[in-house]
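Number of protein chains: 2
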Amino acid sequence: MAAACRTAFVETNPMDIREIARRAKVSTATVSRAINRVPTVDPQLAKRVWKVVDELGYYPNTQARSLVMGRSRIFGLIVSEFTNPFFPEIVQTFEDLAVENNYEILLSSTVHDPKRMESSVRRMIERRVDGVAILTFGMEEALLEHLRYRKVPLVFVDVGPNVPGVANIRVNYQNGIRQAVQHLAALRHTRIAFVCGPLHLKSALARRDAFKACMTEIGLSPDLIVVGDHHMEGGMRALNQLTQQSERPTAVLCSNDMTAIGLMREAYERDIKVPEDLSVVGFDDIRLAEFIIPPLTTVQMSQRELARTAFQALLNEVVSDPAAHDPRTYELNTNLVLRRSTALAAMTRQLVSSKREQRRRAL
Amino acid sequence: MAAACRTAFVETNPMDIREIARRAKVSTATVSRAINRVPTVDPQLAKRVWKVVDELGYYPNTQARSLVMGRSRIFGLIVSEFTNPFFPEIVQTFEDLAVENNYEILLSSTVHDPKRMESSVRRMIERRVDGVAILTFGMEEALLEHLRYRKVPLVFVDVGPNVPGVANIRVNYQNGIRQAVQHLAALRHTRIAFVCGPLHLKSALARRDAFKACMTEIGLSPDLIVVGDHHMEGGMRALNQLTQQSERPTAVLCSNDMTAIGLMREAYERDIKVPEDLSVVGFDDIRLAEFIIPPLTTVQMSQRELARTAFQALLNEVVSDPAAHDPRTYELNTNLVLRRSTALAAMTRQLVSSKREQRRRAL
DNA sequence: CGAGCGAGGGTAAACGTTTGCCCATATGCA
DNA sequence: TGCATATGGGCAAACGTTTACCCTCGCTCG
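If you read the sequences in order, they're chains A and B. Position 313 of the first sequence, counted from 1, bears residue number 313 in the numbering used here, the numbering being contiguous throughout. Position 271 of the second sequence, counted from 1, bears residue number 1271 in the numbering used here, the numbering being contiguous throughout.
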């Protein structure tokens, strides 16, 4: 990245490998080899080539390169929506890794629209990506066929088909949810509700089932469940439903953080104090979770880890023999992170010194 | 996007334009023309070509196409960090437009690291993008030279050099900030503070200057200014500094929303009630602003609008004669959006019925 | 009825790389 | 000294498109 572009500014002619070859008085083959650091090329010559390259500010044309090499060094990344707070961290991590490994990333969002999914897939194929990470929850099966057909390596989270050439990241929901449930139980909560995500989402069902299992494990009723939508609105509605119950829950576990945030927002409107009157636990640990007031106790499903795993999975597929090998699966764990949206259940709180006061003094 | 890939699944041979030509019994030229909907091609033939294309699930290789056409149909988008809540909306809108216009977007973040900026620029050049939107606030001048040198159309927000071939989006900070200041003044605030952004950012300075001007306009002291960093931490520190003042401000205007959110977080810790004890106004109107408790009154600088303008600007550069034309500039307005983080100044509030009560009843 | 013309399809060159293959030179060994 | 063998560089063929140019046909019009 020499500053030499000024000197060559008059130059308007094509700046390609041939021009470099001409000026360095070597063949294009040598230029190519020098640039790609093939060790057999004479250091003397290489230096001469690099000098010209720097002087002219030459950058190889990646398109021509991929054309002949048959590899584009592009990974596709399909998400639902960028504005979904679950994704920014993932995109950032993915890009960090891309830069590190000399890959580009082709970003695409489905915005839950079948037409957009189709165009996403088409774009991936047209640009000849070397692999696609599909991080949207729910994808038309038929479209995947198009990618599989072309032997494009794929990686899914949770929902991928169990076939060769497709890697899957399996999320262990149970682990984090058990921690959450037991944390609430330890705070003397017995009526613990769950706000579920949309029922057509595998990942939402998996979370709900984990909740049920973990409640049953410790002898609590797993039936206080209302359905949300993984958005704020669903959380707000959920709170309203829950407060209409004959016996209100004292704690709520939400299927994702946005739900919890909506629920807390509605609680604020109705003067229900979190955590004094109601303990709230989220799921995902999006960035926002620690910005909210009070900071949200939530089950972390590390987005960095997820992105890293996905990227590595693609990289593995690329280097390894693309022919039939075992369907690979990776595991992603979840863990509770404690913040300040949970407290002792209201009925017992009076017995001990105010948790909130304790905390405040601790600061 | 026919489902025909199953039938051809056995087929492992190259699926290129020649294969299509062979099967449709025409030349590659005709295939190319048919696919690109050149009107002179016989409809009969075109239909035959399309049939084969659909049957085989053929997608043209974009790399080969760009190579010969000299246009990649890729726009670069350089941002500071994806995790910065200012950007998701922008990225989403940019991608929506890209899909609409058959462009790809090459996403790159600088994470405020000169090395990354350099690699961003290199990647843009190597992939031969047709234009770059630089939405990071602050960019090494020398690197831009590399892009300008190659006549890559550029669009900046605010900080771009005023030269041909570079479009600029000028933000009218004054408008929104005046509305904010006057809104606070109307609520009887007289001691209004400003939390500035990092002093090396042009956009931060512009906001500060607008604040000063607007305060002076209405005869208030414009000197209650502390320096933040456009992050939560800066906002938290700022509140601490402000409360140490002999005479505390009753309202604070922040240089961006994250600052305001940090400040409100600190206020929560110190039991300073927003808006009862302190009115807070943000800047940007990131998505988060309306999720926070209380929802943040802020100056909106529409991210969708910004993205749309940037994209359109690039499109304009591409279609218009790339030779020297006037440096184009676009304008982006700002406007106050009222939410619930502002209220009558404390000393006067007792005189009227509680604003908060009024609001609550209104729900 | 023949020349001219226009419409439409085919041939092949070009885009900017990588890399298999071959050749020239230098080197080692007998 | 002469031959076998490395060593390193050049030539040119790919990669998969688009498109300038040419050719052929069928029509029109004189």
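Don't be surprised by glycine CBs; every beta carbon is placed ideally from N, CA and C.
- Residue-level contact by beta carbon fails for His1112/B and chain A, as no gap is shorter than 9 Å.
- Contact of Val99/A with chain B is assigned, a C-beta pair being separated by under 9 Å.
- Its chain contains Ile78, Ser80, Arg116, Met117, Ser120 and Thr136 as the residues whose beta carbon lies nearer than 7 Å to that of Thr110/A, once the 5 sequence neighbours on both sides are disregarded; these appear in chain order.
- In the DSSP annotation of this structure, Ile1286/B is not part of any alpha helix (DSSP H), being labelled neither H nor E.
- When DSSP states are grouped into helix, strand and coil, Glu1140/B belongs to the coil group.
- Between Asp1096/B and chain A, the shortest Cβ-Cβ separation is below 9 Å.
- For Thr1093/B, the three-state secondary structure derived from DSSP is helix.
- When the five nearest sequence neighbours on each side are left out, the beta carbons in the same chain lying within less than 7 Å of the beta carbon of Glu331/A are those of Arg170 and Asn172, in order along the chain.
- When the Cα atoms are used, Leu1338/B and Ser1279/B turn out to be separated by approximately 12 Å.
- Counting other Cβ atoms within 10 Å of its Cβ, Ile1218/B stays below 16 and is therefore classed as exposed.
- By a beta-carbon distance limit of 8 Å, Arg1178/B does not contact Phe1194/B. Their separation comes to about 13 Å.
- Spanning the alpha carbons of Leu1306/B and Phe1211/B requires a straight line of approximately 22 Å.
- Here DSSP, grouped into helix, strand and coil, assigns Gln1245/B to coil.
- Contact residues of the stretch 266 to 277 of chain A toward chain B are Tyr268 and Glu269 (C-beta to C-beta distance below 8 Å).
- Residue burial annotation: Gly1228/B is buried, with at least 16 other C-beta atoms found within 10 angstroms of its C-beta.
- With fewer than 16 neighbouring CB atoms inside 10 Å of its own CB, Leu199/A falls in the exposed class.
- DSSP lists no bridge partner for Gln182/A.
- Here Arg18/A is exposed. Its C-beta has fewer than 16 other C-beta atoms within 10 Å.
- With a cut-off of 8 Å on Cβ pairs, the stretch 81 to 99 of chain A is not in contact with the stretch 43 to 53 of chain A, counting fewer than three such pairs.
- Between His1230/B and Ser1203/B, the alpha-carbon positions lie close to 11 Å from each other.
- Chain A places no beta carbon closer than 9 Å to that of Ser1341/B, leaving this residue out of the contacts.
- Contacts between Arg1287/B and chain A, judged by CB atoms closer than 9 Å, involve Thr83 and Pro85 in chain order.
- Nearest C-alpha to Gly1138/B among Leu1205/B, Val1163/B and Ile1020/B: Leu1205/B.
- Between the stretch 302 to 318 of chain A and the stretch 260 to 273 of chain A there are fewer than three C-beta pairs closer than 8 Å, too few to call the two in contact.
- Within chain B, no residue has its beta carbon less than 8 Å from that of Glu19/A; the closest one is some 14 Å off.
- When secondary structure is reduced to three states using DSSP, Tyr330/A falls in the strand class.
- Asp113/A counts as exposed, since fewer than 16 other beta carbons sit within 10 angstroms of its beta carbon.
- At a cut-off of 9 Å between beta-carbon atoms, Leu106/A makes contact with chain B.
- Closer than 9 Å to the CB of Phe291/A there is at least one CB belonging to chain B.
- In the structure shown, Leu296/A adopts coil according to DSSP, grouped into three states.
- At a Cβ-Cβ threshold of 9 Å, Thr1334/B and Gln1300/B count as neighbours.
- The stretch 1281 to 1296 of chain B makes contact with the stretch 281 to 293 of chain A: 3 or more CB pairs, one atom from each, lie closer than 8 Å.
- The C-beta of Met1069/B has fewer than 16 other C-beta atoms within 10 Å across all chains shown, which makes the residue exposed.
- Here Gln241/A is exposed: its Cβ has fewer than 16 other Cβ atoms, across all protein chains shown, within 10 Å.
- DSSP assignment within the stretch 1147 to 1203 of chain B yields the following whole alpha helix (DSSP H) runs of 4 residues or more, N-terminal first: 1173 to 1186.
- When DSSP states are grouped into helix, strand and coil, Ser1027/B belongs to the coil group.
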